[in-house]
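Structure record follows, encoded as structure tokens.
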Amino acid sequence: MWCSRMALRRLQWIAVTPLNITWGLTSNVQRKMSTLPRVYVTRQIPPEGLKILRESGQVQFELWDSDDVPVPRKELLQKVKGVDGLVCVLTEKIDAELLDAAGPNLKVLSTMSVGFDHLSLEEHIKGLICVGIRVGYTPDVLTDAVAELTVALLLTTSRRLIEATHEAKTGGWGTWRTLWLCGHELANSTVGILGLGRIGVAIAERLAPFKVKKFIYTDVAPRPELASIINAEYVSFNEMAKQSDFLAVCCALTPETKEICNKDLFSKMKNTSIFINTSRGGVVNQEDLYEALSTGQIAGAGLDVTVPEPLPTSHPLFTLKNCVILPHIASASYTTRNAMSALAANNLLLGLRGETMIKELKL
Ligand SMILES: O=C(O)[C@H](O)CO
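Each number in our numbering comes from the position in the sequence shown (counting from 1) with 178 added on.
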């Protein structure tokens, strides 16, 4: 078994490394290969995407052959020189330095993520598109997984599951007590959604059977079509803060939403409210959140995303019992990650052929 895995890995390396790709090939094939567009993949992405790239016969590509360690910046800057396409994940900062290093051949950038703040925020993406670089991303395919995880995190936080398992395991479980480990329930609650998009709708759809009384949302403008699916009412930012028993953050990180969840928001929330963030850590002012949680201004927080990532284990938020922190796993199901990988690969290939991408960022 071990031998065949090793053999497979070696074969894959031979197939994907431009340097090795010509091994054992005739000079005609070698010549053809050298004219194919060059692509760099910054991560060992899930197999479906790699298979699509490998079997396309459309590109020659090289990848950073690890999923455990991101490609070092120096290596990345070196490897992107002269490439026609780049497949990246959210740990790679795509900025002016990288584009300079890549040079004028770069035509398509395909990120295996729905979030695109690593493309140096919106202004920069506009810049990319202006200089003719097309940008693909992977929305929709992760909606179910993210919504599912958001519900799991919400229930874990509101019903204090981490504290409860800890108590059970470490001898804190005494007699049955009337108010011990009590939390807050969804039945008859008001759920607020900050940034109503596909994911917000999917979260609400999953929460509705828990007998939520009312869904409210806020966004830059009302989104009646989406809101009608979940019967959600559009309210102002302040109203959302005041009314929500559960507040789920679903907005993208942009210059406008940076640290939008701060002292001002938390001070308006009820002290029984639960705050949930599965979007980006940058939308939250973490010092203000710590203050709100430690003083009982709000009841709890569940975070799948933080600044920085990973959050250092010495971070004050880790000391709080009413804060549940996950390591950015909202889309982490095998099905979804493979679908994201496949979509990123297909976006890249379509873009390089000058065709419409399945999901292209247009700002
Ligand atoms: O932006 C994304 O795609 C998520 O945060 C990771 O799946």
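Virtual Cβ for every residue (Gly too), placed ideally from N, Cα, C.
Beta-carbon proximity list for residue i, same chain, < 7 Å, skipping 5 on both sides
i           : result
residue 234 : 527
residue 258 : 218, 264, 276, 279, 280
residue 524 : 230, 536
residue 449 : 474, 475, 476, 477
residue 367 : 390, 391, 423, 424
residue 415 : 396
residue 325 : 377, 380, 381, 384
residue 506 : 482, 483, 487
residue 224 : 515, 516, 519
residue 401 : 374
Close beta carbons around residue i, own chain, < 6 Å, minus the five adjacent residues each side
i           : result
residue 501 : 471, 479, 495
residue 533 : none
residue 127 : Only positions 179 to 541 of the chain appear in this structure, which leaves residue 127 out of reach.
residue 222 : 243, 244, 245
residue 439 : 461, 462
residue 359 : 338, 342
residue 503 : 481
residue 266 : 220, 289
residue 405 : none
residue 489 : none
Residue i Cβ short of 8 Å to ligand 1 heavy atom set
i           : result
residue 481 : no
residue 221 : no
residue 522 : no
residue 268 : yes
residue 320 : yes
residue 534 : no
residue 458 : yes
residue 324 : yes
residue 316 : yes
residue 511 : no
residue 293 : yes
residue 344 : no
residue 330 : no
residue 508 : yes
residue 290 : yes
residue 518 : yes
For residue i: DSSP bridge partner residues
i           : result
residue 395 : 371, 412
residue 480 : 454, 502
residue 425 : 370, 453
residue 239 : 217
residue 439 : 462
residue 312 : 286
residue 263 : 217, 286
residue 538 : 314
Contact belief for residue i with residue j at Cβ below 8 Å, rounded distance in angstroms
i           : j           : result
residue 460 : residue 441 : That pair is no contact at about 16 Å.
residue 335 : residue 454 : 7 Å
residue 382 : residue 369 : 7 Å
residue 290 : residue 269 : So it is not a contact: roughly 11 Å between Cβ atoms.
residue 447 : residue 476 : 5 Å
residue 272 : residue 297 : 5 Å
residue 249 : residue 220 : 5 Å
residue 430 : residue 293 : 6 Å
residue 456 : residue 327 : 6 Å
residue 427 : residue 373 : 7 Å
Heavy atom of ligand 3 within 8 Å of residue i beta-carbon
i           : result
residue 298 : What this structure holds is ligand 1, not ligand 3.
Same chain, Cβ closer than 8 Å to residue i, neighbours up to 5 away in sequence not counted
i           : result
residue 185 : Here residue 185 scores only 33 on pLDDT, less than 50, and its place in the model should not be relied on; the value that follows carries that caveat. Around residue 185: no qualifying Cβ.
residue 262 : 215, 216, 217, 237, 283, 284, 285, 286, 530
residue 469 : 441, 444, 475
residue 452 : 332, 335, 336, 362, 423, 424, 425, 476, 477, 478, 479, 480
residue 226 : 516, 517, 519, 520, 523
residue 323 : 508, 509, 510, 511, 513, 514
residue 394 : 368, 369, 370, 371, 410, 411, 412, 413, 417, 418, 421, 422
residue 204 : Model confidence at residue 204 stands at a pLDDT of 48, short of 50, so the residue's coordinates are unreliable and nothing is read from them.
Interface flag, residue i vs chain E, CB-CB below 9 Å
i           : result
residue 504 : No chain E appears in this structure, which consists of one protein chain only.
Does the region 511-518 come within contact of the region 530-539, defined as at least 3 CB pairs closer than 8 Å?
no
With three or more beta-carbon pairs closer than 8 Å as the criterion, would you say the region 348-361 touches the region 479-488?
no
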